[in-house]
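Working notes, structure below.
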Amino acid sequence: MTFTQEKTLAAQVRADFPILHQEIHGKPLVYLDNAATSQKPVAVLNALQHYYQHDNANVHRGVHTLSSRATDAYEGARDKVASFVNAASRQEIVYTRNASEAINLVAYAWGNSNLQRGDEIILSVMEHHSNLIPWQLLAQRTGAVLKFVELTETQEFDLEHFKSLLSDKTKLVSVVHVSNTLGCINPVKEIVELAHHYGAKVLIDACQSVPHMTVDVQAMDCDWLVASGHKMCAPTGIGFLYGKLDLLRSMPPFLGGGEMIADVFFDHSTYADLPHKFEAGTPAIAEAIALGAAVDYLSSLGMDKIHAYEAELTAYLFQQLQQIPELMLYGPKPDSKGEGRAALSAFTAGSVHPHDLSTILDQAGIAIRAGHHCTQPLHRHVGAQSTARASLYFYNTREEIDTFITSLKEAIEFFSGIFG
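Read in order, the letters of the sequence shown correspond to residues 164 to 583 in our numbering.
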């Protein structure tokens, strides 16, 4: 499909996102911070409002009509998520507040019981803090050892180095599917296969992949996968953990309280079956229902269509960025069709601080990210204190990229004139 054909995707959906139709400092908003959080379509906003206006009641605990409707919608959303990532069972989907909580759940419920001194956990140098700190804490509790996969010359996951780190001591591999800074798409299927050869379990951080491409957990054969709703058109405060059924069943509860119990006595308790064993207390009911609405919305557009359109945008974005000599771009370059990396670019502009760039661009109505993007060790590894990052989603347009590039050039010229 050509860009002209695919451009109709953005034209089709932009009316669905009310937040995009506003001015910032007197300029039309150009939102290019999608790797941090996505905007929400009317269908998702309506799902939130409908629950609170019509079905507001606690789930699972009541037999009255409102509770029954709320429970049906809440559990129906779980079915949608399970289908979206092709889980073998709805019981393999556990609601969490976000991906960070999902990773911590695995670190405590599985890691505390299965790791001991000298066992090894393999991560990569590109991991988000959410996929690093829980394992640091686990290593401190158990005496396990962390090892890190390096980058190739093109700043991608070094598969050969990964192979060299694997051994019978490897008990866990936890890696990001798509880097939120480098934009590289990691070979997760091969990573899982190699790790399983040594009997290691594998967790995949899919926060930057589930919103942008088809993700199939059965084809990937990962043991766990985590994602955050707010990056995939759903509200904040909701995410999910996928885990293989037998593995989840073998894990003790993470949090105790209501909802996750079968029977409670003064001296002991028994626990509910999956997935409720890991969902203590009143859940984020409205947010989970809205996550289901977001899944419906993305599915109606088609993940293959979303990926193809974003690839076209990526090719155009990099074509324009590479024409600015002051820029240092991080991560691999896309091919001529925009494939081979995610629809984002982290960059620096000589001596201009990324925060200064972001501030100037904001005055032009353009929202980008500046900082270390929760990948501080990676930034040290590549020799950058911080970077600016423009990240795209399917509602962005070629015209918005043009506006961004023009304003970026003006900002660089402005600072060059000051510090020349």
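Think of the CB as a built atom: it goes at the ideal place given N, C-alpha and C, for glycine as much as any other residue.
On the DSSP letters alone, give me the boundaries of the alpha helix (DSSP H) that residue i sits inside.
i	result
D519	517-526
A447	First-last for A447: undefined, no H or E at that position.
A382	380-383
R304	296-305
R552	Counting along the chain, R552 falls outside any alpha helix (DSSP H), though it belongs to the beta strand (DSSP E) covering 550-554.
F481	466-484
D196	Per DSSP, D196 belongs to no alpha helix (DSSP H) and is neither H nor E.
H536	Unbroken run through H536: none, as it is neither H nor E.
D498	Note, D498: premise wrong, no alpha helix (DSSP H); not H, not E.
L418	Taken as a continuous stretch (DSSP letters only), L418 belongs to no alpha helix (DSSP H), as it is neither H nor E.
Just curious, the beta strand (DSSP E) that residue i is in, first and last residue?
i	result
F510	507-512
S252	No beta strand (DSSP E) holds S252; DSSP gives it neither H nor E.
L335	333-339
F180	Unbroken run through F180: none, as it is neither H nor E.
L492	490-492
S287	283-287
Pull up the DSSP beta-bridge partners for residue i, would you.
i	result
F320	L314
C347	R504
E186	P191
T433	D426
S327	According to DSSP, which records beta bridges pairwise, S327 is partnered with nothing at all.
A530	Y194
D368	V339, V389
G402	T259, S391
V308	E283
Residue i and residue j look like a contact to me (Cβ under 8 Å); what is the Cβ gap, rounded to whole Å?
i	j	result
D459	N249	So it is not a contact: roughly 16 Å between Cβ atoms.
V154	F567	There is no way to answer for residue 154, as the model of the chain reaches only from 164 to 583.
E255	G503	That pair is no contact at about 30 Å.
V389	L404	5 Å
R552	S514	Between S514 and R552 the Cβ distance is about 18 Å, and since that is not below 8 Å, they are no contact.
S342	M289	5 Å
F320	S287	6 Å
L172	N559	The Cβ separation is near 10 Å, so there is no contact.
G402	A262	5 Å
L301	A307	6 Å
T550	T511	6 Å
A397	A457	4 Å
S231	R224	The Cβ separation is near 11 Å, so there is no contact.
I354	F325	7 Å
T377	D467	6 Å
S554	N197	5 Å
H340	I367	5 Å
A612	P416	In this structure the chain extends from 164 to 583, so residue 612 is not present and cannot be described.
V538	H291	It is worth fixing the name first, because residue 538 is Thr in this sequence and not Val. Between H291 and T538 the Cβ distance is about 6 Å, and since that is below 8 Å, they are a contact.
P374	S201	6 Å
Could you check whether the Cβ of residue i sits closer than 7 Å to any heavy atom belonging to the ligand ATP?
i	result
L335	The model depicted lacks the ligand ATP and carries no ligand whatsoever.
Report task. Count the C-beta pairs between the region 452-464 and the region 202-213 that are closer than 8 Å, then say yes if the count reaches three, no if not. Result -> yes
Requested in this report: Examine the Cβ distances between the region 354-366 and the region 325-344 and report whether three or more of them are shorter than 8 Å.
Outcome: yes
Query raised in the report: Do three or more CB pairs link the region 426-440 to the region 498-507 at distances below 8 Å?
Result: no
Report task. Determine, using beta-carbon pairs with one atom in the region 522-539 and one in the region 442-452, whether at least three such pairs fall under 8 Å. Result -> no
Query raised in the report: Quick one: complete beta strand (DSSP E) runs, 3+ long, within the region 209-281?
Result: 256-259
Query - Segment contact, 8 Å Cβ cut-off, at least three pairs: the region 518-533 with the region 177-194 - result: yes
Query raised in the report: Does the region 337-353 come close enough to the region 271-280 that 3 or more CB-CB pairs lie under 8 Å?
Result: no
Requested in this report: Check whether the region 480-493 touches the region 232-239, counting contact only when three or more Cβ pairs, one atom from each stretch, lie closer than 8 Å.
Outcome: no
Query raised in the report: Is there contact here, the region 266-274 with the region 296-304, by at least three beta-carbon pairs under 8 Å?
Result: yes
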